[in-house]
Structures are given as structure tokens and as C-alpha cells.
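Asker: Chains as they are written, first to last, in the working numbering: chain Z, 53 to 252; chain P, -1 to 68; chain U, 101 to 380; chain G, 7 to 226.
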Amino acid sequence: MWQEFSIGVLLVFIAAVIAFFALVVEKDDLHRLLLLDLVEVSSLGIIALLGTDLAEALILPGLVVGIAELLALSQIYVIKEGFRDKVVQGLNIEVIQADAPLIISVLLICYGVVLSGFTGGGVAGLGVVFYFMARGHREHFELLEMASGISWATWIFAFFVFMFIPEYWMFALFLAAIGILLKVMVKLSLSATIWGDGNE
Amino acid sequence: MMTKKKDMLRALALITGALLVIGFVLWQNGTLPLVGYEAIIVVCFPICVICLFLWWMAREHGEDIPFIGY
Amino acid sequence: MIGYLLFAVVFGLLLLGIHRKVIARIQRRPGPPVWQEILHMLKFSFKSTWIPATASNILFVGVVLVAIGIWSAALFVLLAGGSILIIFGIYMLHKIVEHGFGLSSGSPYGKFGGVRSVISAASEIPLFVSVAVVALYTQSLEISSIVQYQAIHGPLLFIVPLAAIAMYIVILSKMPFGPFSIVESKELVSGYKTEHFGVWRAGLEICNGLKTYVLMFMFITVFIGGIPIWWMLAGMILLTVSLSFACAFSPMLSPFDSVTVQMLITGVMLGYAAVLGVIA
Amino acid sequence: MEMSSLGGIPYYILEFGDELVYFSPYTVSLFLLALVFTMFAVMAKPERQVDIAFGGDAYYAKETSLQELRFRRFMAIACGFASMGAMLTGDIFNFTLFISLVGICNVGIVAAVKNRHVQNAAYQYGIVALSATVPLFGAAALIAATTGTLSMVELWSSATPAVPLVVKALLVLGVMGEGMAPFYAAKAEMFRAPGAPYVIMCSLSSLLIFLRVIEVVLVI
């Protein structure tokens, strides 16, 4: 097992070296931002190689910090290059001007709700992202942030129920599932709208 | 206004100075460990010194050097 | 304890006065009397002062308090024979204090002084390397253990002379009028302390006195060992005089040259530490 | 090297399950400094930096807008909390997380300034900080893999196998990448930004995490 771990670490380090080399060679700011993701993934690879419960517990914060930094950097890039004032009116493709995006989004969201939990949130979020990208949006950041915050609080509350009154585990389970569903969905939809349209 | 500020500064200098003395006495007694006394000094000494200086500092339109008076 | 603290302030300022006097004599000037720095501190303490309108008020005052506080703490750690790592930390954080002095006033001169103090961060690494070399021999970073080690094996000055030279250069970079004192060079008026006048400058002088005392004390304790207090004071004066000669005979380097020289010293020290690590 | 001969004998070790926080003279003094400067960031107004208008005798004081001030103050406080956490924590992974948080906050503090040069510097710094998470998290994971624990107290005891030198080097490299702020001072673009209490938080947090990582590397 130690043998396999060593080989895995070696491979990840080779990947990291390639990614870093690309980062050094690249001169365009936007391309560097994209390459950063490649670099970031290799660090998750090293953690994942642990292959224990601990790794799972470590990847999540690592992933969150990585995504947060990436979002912050892309936001700085947008402001730095003055893309802030550009009006974005959704994707202008003939096919998705019809009702197709709506139907697909509704289907995805329904399926996501059935799945529930983290995965369900991902699927439903994809539906929302698709809808926003197709239709353009007049989003209200505050509203989305509030929804995300409340659902996160529900999730935490559910954990407290697990810890202190375990008899109600079924209720807590549903609460947690719905909380994380909403949270992931909202977060994903936020990332769809982040390249602002100047109407905040 | 000016005198009120000066009074406050003097009070602050006296309080921190008193804390330094109390800390010393307690340390000599053995009730306060050396580390505690040092912590008191590190916090109070700068405040005491600066407040003392600000208190005896010359006023804006007064004599240049207090105590001597010219 | 507080008595010792006050003594350290006064003696540190006296050392700075001797520093000025010796430089002046080397340059064939009469120079100020040796107690000039003490008089400076007293004089500034009753000059009228205020906070500039453009300043960030609380930071402007706060850094003065922090400057005195951290060096008092350093003195106590040194006397208690505590960890040299804490003193090293305080030495590095003095940079933040200088940076705070410079930035908080809003004056461009102060700001450049502060920024220069941050770019001269290169001078800290030789200090760390010399600390690491010492630790390699004594297997401890407690000052009391270092003193014990020297009581048995003789002064570290003769065991690891290069580490002693590196720390000497670090102290040199903190002395006024030295080749590395780019933070106070004259094109910046008074560098980071330009806007801190009157009482604030008196506080800064107290900090300077303490800082000089602590750094000299640390050098002698770490490289020569625990010696009686009178010998210690004499050693500090001797050290100051040697530093004054170094300052008087060398021009002030330009900021980039200063950083480059310090980087070179760091490189040499790293190599030295690596060689010692292989041998040991 | 023994733990007590480095940062002094710990006063107290607080344990939450396998996470732990410990208070030794070294960590406590660093923690207090972070606390003091965070208080400054909370209370102090930003200074109005005086600038000379080029080509004349005129000068003017830069004003910091309220919105910018609020955001940067928030970031500075967050940075203070992150560095306080990094000073006290006794868990390698928490340590790396706090450090990457310090990195993000440092970027945030300068990025809010409405000045193209400052934003460019912030962006470049952000790229360095983000790519430094690879050695940082990588080192934490490798420590867990080679020793089976992430608790610093357990790593001190001789029962656990020694951490390889390469892994320590990776950890230092990661911290250096995250705490690049002082080196960006040499470019002066980042420090050209007005707002002293916040800019100072950048260099303070960087120095603090450097100081802490020295201790961490020496004890594990």
C-alpha cells in the first residue's frame, strides 16, 4: 500500500510540475487564472491519496478555500479589466429562445429535489445555472445570499438536533438534506451570475 | 476643554502608575507571580509614560518649556 | 523590575549617545555630549505635540505604545532566560512598528520610510540563520540553556565565529548612521518618524533605548555567555564603540545595494549553516 | 528538539476531540500582537495620504470612500482573526487552512482600492497565493500520510515517526507563497494604497505566519 501511495504522490507531483510550468510560461492574465484551477486540482489529488475518512474531511475545506480564492481572483480580474460595465443579456442562441431551457431546468430541478442532499443540490443548481445563462437575469444578490445563509443555518441546526436529541433523527435528516440542497443550488446559481451585468 | 483633557491624562497616568506600584508590592509579597507582574508592566508602562508626557507637555500657546517657565 | 526597565532605557540611550560621540570624534568633530540622547528624550517629552489632520489617529498613537510594550517584553524574556525565538519574533515585529509609524501619518516621507523598512526584511534572515546555527550546537533555544552550554564549552564566539559576525551585522543594520540604515536616510527627512514629533518622538526614543540595550545584551549573552552585570555593561560599551567605527568608516548604501548586500550575507550564512549541519 | 526548549513550556493545552489549541509563551505573545493590531483595524480611521500633484506645487489628501473603507476594514478584521487562529492552533491542517485564509484576506484588503496599479499587484499576488496552496495542503496531507496524525502535540512525542525534511520544506514554501505581501512592498504598488490600519494588517499577518511556521517546522 505504501508502494502505491508513493507512486500516486509521484504522479501528482509530476502533474503539479507540468501545471506550474504552464503557469510560468503563460503570460495572459485570464489564461493564468484558468491554469490556476489545474494547479489547484493537484493539491486536492495529494489529499485524496490518503484514501481515508480523514482525506474526505480535509478535501472539503481545501476545496472551499480553493474555490473562494478562485472566485475572488476572477472578480478582481473582472474589475481590473473594466468588464464590470458590460451588459450581459444571456446567450443569444435561437434554439434556447424557445421554452426548451425552462423545461430542461424544471426537469433538472425536480430531479435534484428528488435526489436531495449535496448531489441533488448540484443537479438542481445546474438547472438554475442553465436557466440564468439562457434567459439573462435580473438577479438580486442580497436575496440569493440570504437564502443561502438561511439554508446553511438550517443545516447546522439539523446537526445540533443529531447531537442533542437523536430521537428526532428522521426530522434532522430531512432538514439537513433540504438545507444543503438549497445551499448548494443557490451557491451554484451565484457562480452563474457572477460576471455581473451592472444592475446590482 | 483643554484642562479637562489634561486632567484625564493625569488621572490615566496616575492609575497606570498606581497599577505598576501595586503590581510591585504584590510581587514582593509573593501573591503575584513574576510573569503576571511583567504582564502588568508591559501593558501599563507605555500608557503611563505617554500619558505622563502628554500631561506635562507644553500648551499650544504657553511657555516653550514647562517647569522653568520661559 | 520597573527600576531595571528604566535603567535599561537610560543606559540604552547613553549607548546611542556614545555612538554619536565616537562617530563625531572619528570625523574630527567635537560632537554632542554622550548624554545628548537622554536629553533629547526629556526635551521631546515636554514639547507640544498633536496628531496631524491627515493621520489615522488611533494607529498613530497606538504604535508608540506597542513599540515600548514589545521591547519591554523582550527585555523581560531576555532576563528570565526565555526562548530566543520570542526575541527574534519581537525583532521582526519591530519592522511592523516602523511600518505603522510611517504609514499612519499619511506623509509621503513617512510612507517611504515605512516601505523601506519592509523591503529591508532581508536583514532578518541572517539573524534567523545565526539563531539556527546556535541551536545546532546547544540543542536548545532557551537563553538559559545557551548560557549553560557556554559555561561548559566556552564562548560560542570562538565556536561559531561566522554566526557571531552575522548577528553583528544585523545589529549594525539597526544602528543609526550605519551602512544599512536606509530607513532613516536623509532624502526622506527622518524616514518613518518624520511625523511623530514631540511626545510621540519621546516615546520612540524610549523604545530606541530599550531596543539598543536588548540587542547588545542578547549579543553578549548568546555569544560570550552569562557574565556579571558590570562586565556586561562594559562589554556593551565596547560593542557600541566597535559598531560606531563600522558606521563611521562606511558610506550609507542605496536601498537596492543595501538589500543586495544583505541577501549575499544571507546566502553565505545559509551555506555555512548547511556545512555545519553536514559536519554535525 | 524539545517543545519546551523552543517556544517555552505550554501553559495550557485545550482539546476539542482531536483538534487542539495550545498556549505557550511564544504562541500567546504572537496571538496578543495579532489581537492588538486587529483592534487598531477595528477602531482606527484610515489616514488621508498626502500626494503631490505631478508637475506643480499642489498637493492633495486622498480620501477613502465609506464603502471601500467598510469592505477593507472587514477584510482586515477577518485577516486578524485568521492570523490569531494560525498562531494558536495545534493542528497542522487547521494551520494550513488559516494560512490560506490569511492569503485570501491579504488579497482582499488591497483589491478593493480603486487604482489599476494596486489591483494589478493584488491580482499577481493572488495568483501566487493560490498556487501556494498546492505545497501547503500537500505538505499537510503528506504529514498525515507519513505519521498518521495531524496533531502537533503528538508529532512532538518521539513515538510518531519523523516528518521527512522534504515535507517540511514544502510547508515552508507554501507559507512563503501565502505570505508574500512584504515582498510585494518592494514593488510598492500594493503599499501605495492608502488605508494604513488595513495595509499594515497585510504585512503583520505575513510576518506572524512566518514566525509561527518556523516554530512548527522545528517541532514536528
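Beta carbons are placed, not taken as given, at the ideal position from N, Cα and C, and that holds for glycine.
In whole angstroms, what is the alpha-carbon distance linking Ile184(U) and Leu50(P)?
Answerer: In the third sequence, residue 184(U) corresponds to position 84, counting from 1. In the second sequence, residue 50(P) corresponds to position 52, counting from 1. Approximately 32 Å, taken between the alpha carbons.
Asker: Closer than 8 Å, Cβ to any Cβ of chain P: which residues of the region 307 to 325 of chain U, in chain order?
Answerer: For the region 307 to 325 of chain U, which is checked against every Cβ of chain P, not one residue is closer than 8 Å.
Asker: Using 8 Å as the Cβ pair cut-off and three pairs as the minimum, do the region 348 to 359 of chain U and the region 130 to 148 of chain U touch?
Answerer: Flag = no, the region 348 to 359 of chain U and the region 130 to 148 of chain U do not touch.
Asker: Buried or exposed: Cys42(P), going by 16 or more other Cβ atoms within 10 Å of its Cβ?
Answerer: Position 44 of the second sequence, counted from the start, is the residue given in the question as residue 42(P). Per the 10 Å Cβ criterion, buried.
Asker: Taking C-beta pairs closer than 8 Å, name the residues in chain G that Ala124(Z) reaches, listed in chain order.
Answerer: As a first step, residue 124(Z) is located in the first sequence; it is residue number 72 there, counting from the start. The contacting residues are Ile110, Val113, Gly114, Ala117, Gly132.
Asker: In the DSSP assignment, find the unbroken alpha helix (DSSP H) run with Tyr313(U) in it and report its ends.
Answerer: Here residue 313(U) is taken as the residue at index 213 of the third sequence, counted from 1. Segment 299 to 323, the alpha helix (DSSP H) holding Tyr313(U).
Asker: Does the beta carbon of Gly201(Z) come closer than 9 Å to any beta carbon on chain G?
Answerer: Within the first sequence, residue 201(Z) is the residue found at index 149, counting from 1. Not closer than 9 Å to any Cβ of chain G, the Cβ of Gly201(Z) fails to qualify, so no.
Asker: Would you tell me roughly how many angstroms separate the C-alpha atoms of Ala67(G) and Thr154(U), rounded to the nearest one?
Answerer: The residue labelled residue 67(G) in the question sits at position 61 within the fourth sequence. The residue labelled residue 154(U) in the question sits at position 54 within the third sequence. Each residue's Cα considered, the two are about 7 Å apart.
Asker: Give the DSSP-derived three-state secondary structure of Ser183(U) in the structure shown.
Answerer: Indexing the third sequence from 1 puts residue 183(U) at position 83. It is a strand residue.
Asker: Report yes or no: do the region 319 to 328 of chain U and the region 259 to 268 of chain U share at least 3 C-beta pairs separated by less than 8 Å?
Answerer: The region 319 to 328 of chain U is in contact with the region 259 to 268 of chain U.
Asker: If we cut at 9 Å on Cβ distances, does Ile20(P) have a partner in chain U?
Answerer: Here residue 20(P) refers to the residue found at position 22 of the second sequence. No, Ile20(P) does not count as interfacial toward chain U.
Asker: Select from Val119(G), Val178(G), Met207(G), Ala202(G) the residue whose C-alpha is nearest the C-alpha of Leu217(G).
Answerer: Position 211 of the fourth sequence holds residue 217(G). When each option's Cα is compared against that of Leu217(G), the closest is Val178(G).
Asker: Relative to the C-alpha of Arg301(U), which candidate in Leu139(U), Ile126(U), Ile102(U) has its C-alpha closest?
Answerer: Numbered from its first residue, the third sequence carries residue 301(U) at position 201. Of the candidates Leu139(U), Ile126(U), Ile102(U), the one whose C-alpha sits nearest the C-alpha of Arg301(U) is Leu139(U).
Asker: Going by beta carbon distance, what residues of the same chain come within less than 6 Å of Glu224(U), once the five residues before and after it are set aside?
Answerer: Translated into the one-based positions of the third sequence, residue 224(U) becomes position 124. Same-chain partners within the cutoff: Met192.
Asker: On the DSSP bridge assignment, give the partners of Ile19(G) in chain order.
Answerer: Mapped onto the fourth sequence, residue 19(G) falls at position 13. Paired residues: Tyr28(G).
Asker: Under 7 Å, CB to CB, which of the residues in the region 144 to 175 of chain U have a partner in chain P?
Answerer: Flagged, chain order: Ser145, Phe146, Lys147, Ser148, Thr149, Val164, Leu165, Ile168, Gly169, Ser172, Ala173.
Asker: Give a yes or no on whether the C-beta atoms belonging to Gly172(Z) and Val180(Z) are separated by under 9 Å.
Answerer: Within the first sequence, the letter at position 120 stands for residue 172(Z). Within the first sequence, the letter at position 128 stands for residue 180(Z). In this structure, Val180(Z) does not lie closer than 9 Å to Gly172(Z) by Cβ.
Asker: Could you name each continuous alpha helix (DSSP H) segment of 4 residues or more that falls completely within the region 208 to 261 of chain U, going from the start of the chain to the end?
Answerer: Qualifying alpha helix (DSSP H) stretches, in chain order: 208 to 219, 224 to 238, 243 to 253, 256 to 259.
Asker: Using 10 angstroms around the beta-carbon of Ile19(G), count the other beta-carbons present and answer buried if the total reaches 16, otherwise exposed.
Answerer: Here residue 19(G) is taken as the residue at index 13 of the fourth sequence, counted from 1. By the neighbour-count rule (16 or more Cβ atoms within 10 Å), Ile19(G) is not buried but exposed.
Asker: Hey, does His199(U) have any beta-carbon neighbour from chain G nearer than 9 Å?
Answerer: Locating residue 199(U) in the third sequence gives position 99, where the first residue counts as 1. Yes - at least one Cβ of chain G is within 9 Å of the one on His199(U).
Asker: What are the residues in the region 79 to 93 of chain Z lying within 8 Å of chain G by C-beta distance?
Answerer: Here the close residues are Asp81, Arg84, Leu85, Leu88, Val91, Glu92.
Asker: Which residue's Cα is closest to the Cα of Gly144(G): Ala175(G), Leu107(G), Leu75(G)?
Answerer: If you number the fourth sequence from 1, residue 144(G) lands on position 138. When only C-alpha atoms are compared, the closest one is Ala175(G).
Asker: Which residues of chain G have a Cβ atom closer than 8 Å to the Cβ of Gly189(U), listed in chain order?
Answerer: As a first step, residue 189(U) must be located in the third sequence, where it is residue number 89. Those within 8 Å of Gly189(U) in chain G are Tyr32, Ser35, Leu36, Leu217.
Asker: Chain Z beta carbons: is any one of them nearer than 9 Å to that of Tyr129(G)?
Answerer: What you label residue 129(G) is simply residue 123 of the fourth sequence in a count that begins at 1. Closer than 9 Å to some Cβ of chain Z, the Cβ of Tyr129(G) qualifies, so yes.
Asker: Return the CA-CA distance between Ala147(G) and Ile99(Z), expressed in angstroms with no decimal places.
Answerer: Against the fourth sequence, residue 147(G) aligns to sequence position 141. Against the first sequence, residue 99(Z) aligns to sequence position 47. Going from the Cα of Ala147(G) to the Cα of Ile99(Z) covers about 5 Å.
Asker: For Gly21(P), I'd like the list of residues in its chain whose CB is within less than 6 Å of its CB, leaving aside the five on either flank, ordered along the chain.
Answerer: One-based indexing of the second sequence puts residue 21(P) at position 23. Once the five neighbours on either side are set aside, the close Cβ partners of Gly21(P) are Tyr35, Ile38.
Asker: Assuming Ile186(U) and Val177(U) form a contact by the criterion Cβ under 8 Å, report the distance between their Cβ atoms to the nearest whole angstrom.
Answerer: As a first step, residue 186(U) is located in the third sequence; it is residue number 86 there, counting from the start. As a first step, residue 177(U) is located in the third sequence; it is residue number 77 there, counting from the start. About 5 Å separates the two Cβ atoms, so the contact holds.
Asker: Taking Ile128(Z) as the reference, which of Phe104(G), Glu69(G), Ala118(G), Ala84(G) has the closest Cα?
Answerer: Your numbering for residue 128(Z) matches position 76 in the first sequence. Closest option to Ile128(Z), Cα to Cα, is Ala118(G).
Asker: Can you confirm whether Ile206(G), when its beta carbon is compared against all beta carbons of chain U, has any partner nearer than 9 Å?
Answerer: Along the fourth sequence, one-based indexing puts residue 206(G) at 200. Ile206(G) counts as touching chain U.
Asker: Got a sec: is the Cβ-Cβ distance from Ala302(U) to anything in chain P below 9 Å?
Answerer: Numbered from its first residue, the third sequence carries residue 302(U) at position 202. By this cut-off, Ala302(U) is an interface position.
Asker: What three-state label does DSSP hand Val119(G) in the structure shown?
Answerer: For the purposes of this step, residue 119(G) is taken as residue 113 along the fourth sequence, with counting starting at 1. It is coil, neither helix nor strand.
Asker: Are Glu53(G) and Leu203(U) close, meaning C-beta to C-beta below 9 Å?
Answerer: Mapped onto the fourth sequence, residue 53(G) falls at position 47. Mapped onto the third sequence, residue 203(U) falls at position 103. Against a cut-off of 9 Å, the Cβ pair of Leu203(U) and Glu53(G) comes out as a contact.
Asker: Can you list the residues of chain Z that Thr139(G) reaches, using a CB-CB cut of under 9 Å?
Answerer: Position 133 of the fourth sequence, counted from the start, is the residue given in the question as residue 139(G). The answer, in chain order, is Val91, Glu92, Ser95, Gly114, Val117, Gly118, Glu121.
Asker: Using a Cβ-Cβ distance cut-off of 9 Å, determine whether Val47(P) contacts chain U.
Answerer: The residue labelled residue 47(P) in the question sits at position 49 within the second sequence. Yes, Val47(P) lies at the interface with chain U (some Cβ there is under 9 Å from its Cβ).
Asker: Can you give me the start and stop residues for the alpha helix (DSSP H) that Tyr372(U) sits inside?
Answerer: Locating residue 372(U) in the third sequence gives position 272, where the first residue counts as 1. Taken as a continuous stretch (DSSP letters only), the alpha helix (DSSP H) holding Tyr372(U) covers 355 to 379.
Asker: Compare the Cα-Cα distances from Thr155(G) to each of Asp105(Z), Gly164(Z), Phe65(Z) and report the closest residue.
Answerer: Position 149 of the fourth sequence, counting from 1, holds the residue named residue 155(G). Comparing Cα-Cα distances from Thr155(G) to each of Asp105(Z), Gly164(Z), Phe65(Z), the minimum goes to Asp105(Z).
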